[in-house]
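The numbers in full-length UniProt numbering rise by one with no breaks, and the one at position 185 of the sequence shown is 185. First up is the structure itself, then whatever we jot down about it.
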Amino acid sequence: MMHTREKTFQCEVCDKLFKLSMQLKLHMRIHTGERPYKCEICDKMFSQSGHIKMHMRIHTGEKPFKCEVCHKMFSQSGSFKQHMMIHTGEKPFKCEVCDKVFNLPGSLKGHMRIHSGEKPYKCEVCDKTFTKLGSLKDHTRIHSGEKPFTCEVCDKMFNRRGILKEHMKIHTAERPYKKCKICDKMFKGSRSLIPHMRIHTGEKLFKCKMCAKMFTQNGALQVHMRIHTGEKPFKCEVCDKRFNNTSYLKTHMRMHTGKKPFKCEVCEKMYSQRGQVNNHMRIHTGEKLFKCEVCDKIFSTKEYLQQHTRIHEGERPYKCEICDKMFIQIGHLKRHMRSHTGKKTIEV
């Protein structure tokens, strides 16, 4: 410790100056790690009595600092002062690179990562990294499917506050709907309508660099790229199976829930996938699209054709666990199993 001519006390570790020796003594605990004050509720330790007093307000719920403008309450003076900058418009924290100003030091710190390229927040599911914790939290909702932001007008749910804010403009008439003249589908604006129109025109502007496949929308290309990269960011919380597309996960989840939202309009049979209904409808229409290249026999579904080709290839993938006999179709195996169980079907 040094006593200077101006009667200030200087820290020998970091050279910070203090008016009183007691202030320096308290400051030294930062360097020594000494924390003599303990919270009796959660056992957290503090270097100063003032810090533990502020901490105790977390447990007591005390908020002695009130904003006279919006009446919001705060437990700490520092939080209150930072909040007041929202109303005063004061932005004392300036970026030395681009001169942008901020009202909070944390906001400046987060902004600086744009210039440094630092992305310290990593998604545990897909390893994508972010400059801000808030951006990571928004991103993780893609994987979890969580949509915590609800429109109070139409009850539509969103995974980000910003998207809800944009959506609200539809109700306030700030951004009226744009209507597709071909299919009458409604869109938030021209920015959404223009990519949609490519579905009708067949225009494909986005090309995959790996296989040269073309797409009408950039989003569709990004989803397609996961086939090449092997990325599967969408995980089933029940069985841990992973998917490269959120729609595949939704379809898969119906296996666990038993939900069958697709109905045959002819016989009212229910299915978990739209494609299953389309295949089923061929029973009623008699349509047969899939032809065997060996014997020219045609079938109503791709699955039936695959089963049939096993006759030509000699493939028998279904095995009896009792006698090791092999079968072309699972139905044949089930019938065979009755020879072991003694069960017989009733002929009508």
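Note that the Cβ used here is the ideal one computed from N, Cα and C, for glycine as well.
Closest residue to residue i among the options (Cα-Cα distance)
i: serine 135; options: Cys151, Val153 and Ile114; result: Ile114
i: cysteine 21; options: Thr8, Met84 and Asp15; result: For the record, residue 21 in the displayed sequence is serine; it is not cysteine. Closest by alpha carbon: Thr8.
i: tyrosine 271; options: His252, Ile227 and Phe187; result: His252
i: lysine 169; options: Asn159, Lys38, Glu203 and Val153; result: Val153
i: cysteine 292; options: Glu303, His284, Phe80 and Thr285; result: Glu303
i: glutamate 40; options: Gly110, His55, His27 and Arg29; result: His55
i: glycine 258; options: Glu265, Lys250 and Cys264; result: Lys250
i: arginine 29; options: Lys44, Gly314, Cys11 and His312; result: Cys11
i: valine 69; options: Cys98, Thr88 and His200; result: Thr88
i: histidine 312; options: Tyr121, Tyr318, Gln217 and Ile328; result: Ile328
i: methionine 112; options: Asp127, Lys132 and Lys53; result: Lys132
i: asparagine 245; options: Glu287, His284 and His224; result: His224
i: cysteine 67; options: Lys204, Gln82 and Leu24; result: Gln82
i: serine 77; options: Val294, Arg274, Gly50 and Arg226; result: Gly50
i: lysine 94; options: Gln276, Met84, Lys53 and Pro105; result: Pro105
i: glutamate 146; options: Glu237, Thr309, Val277 and Arg35; result: Glu237
i: histidine 228; options: Lys241, Lys235, Cys239 and Lys213; result: Lys213
i: cysteine 183; options: Ser192, Met197 and Met255; result: Met197
i: lysine 137; options: Arg274, Asp155 and Arg160; result: Arg160
i: lysine 91; options: Lys119, Ser107 and Cys14; result: Ser107
Simplified DSSP assignment, three categories, for residue i
i: histidine 340; result: helix
i: cysteine 35; result: The amino acid occupying residue 35 in the given sequence is arginine; cysteine does not appear at that position. If DSSP states are grouped into helix, strand and coil, arginine 35 belongs with coil.
i: valine 97; result: coil
i: threonine 257; result: helix
i: arginine 242; result: strand
i: lysine 291; result: strand
i: threonine 131; result: coil
i: leucine 104; result: coil
i: isoleucine 41; result: coil
i: valine 348; result: Residue placement at valine 348 is poorly supported in this model, since its pLDDT is 32, which falls under 50; the coordinates still yield a value, given next. Three-state DSSP puts valine 348 in coil, outside helix and strand.
i: methionine 73; result: strand
i: lysine 81; result: helix
i: lysine 235; result: strand
i: lysine 209; result: coil
i: histidine 332; result: helix
i: lysine 25; result: helix
i: lysine 66; result: strand
Residues that residue i bridges to, as DSSP identifies them
i: threonine 8; result: Answer is none; threonine 8 lacks a bridge partner.
i: tyrosine 318; result: Phe327
i: leucine 249; result: Leucine 249 pairs with nothing; no bridge assigned.
i: leucine 17; result: Gln10
i: tyrosine 271; result: Phe262
i: isoleucine 298; result: Lys291
i: lysine 109; result: Per DSSP, none; premise fails for lysine 109.
i: tyrosine 121; result: Phe130
i: methionine 56; result: Answer is none; methionine 56 lacks a bridge partner.
i: methionine 214; result: Lys207
Residue j beta carbon less than 8 Å from that of residue i
i: proline 233; j: histidine 332; result: no
i: serine 47; j: isoleucine 58; result: no
i: lysine 181; j: phenylalanine 187; result: no
i: histidine 139; j: cysteine 151; result: no
i: histidine 340; j: lysine 325; result: no
i: phenylalanine 80; j: phenylalanine 102; result: no
i: residue 416; j: threonine 216; result: Outside the modelled stretch of the chain, which goes from 1 to 348, sits residue 416, for which no answer is possible.
i: methionine 279; j: serine 247; result: The identity of residue 279 in the sequence shown is asparagine, whereas the question assumes methionine. Taking 8 Å as the Cβ cut-off, asparagine 279 and serine 247 do not qualify as a contacting pair.
i: phenylalanine 243; j: leucine 221; result: no
i: histidine 27; j: phenylalanine 18; result: yes
i: lysine 16; j: valine 125; result: no
i: phenylalanine 262; j: valine 277; result: yes
i: phenylalanine 158; j: histidine 171; result: no
i: lysine 297; j: histidine 308; result: yes
Distance cut-off 7 Å: residue i Cβ against heavy atoms of the ligand NAP
i: lysine 178; result: As presented, the structure is devoid of all ligands, the ligand NAP included, so that no description of it is given.
Closer than 8 Å to chain D by CB, residue i
i: valine 69; result: Here chain D cannot be found, since the structure has a single protein chain.
Where are the beta strand (DSSP E) runs, 3 residues long or more, that stay fully inside the segment 140 to 189, in chain order? Runs found: none.
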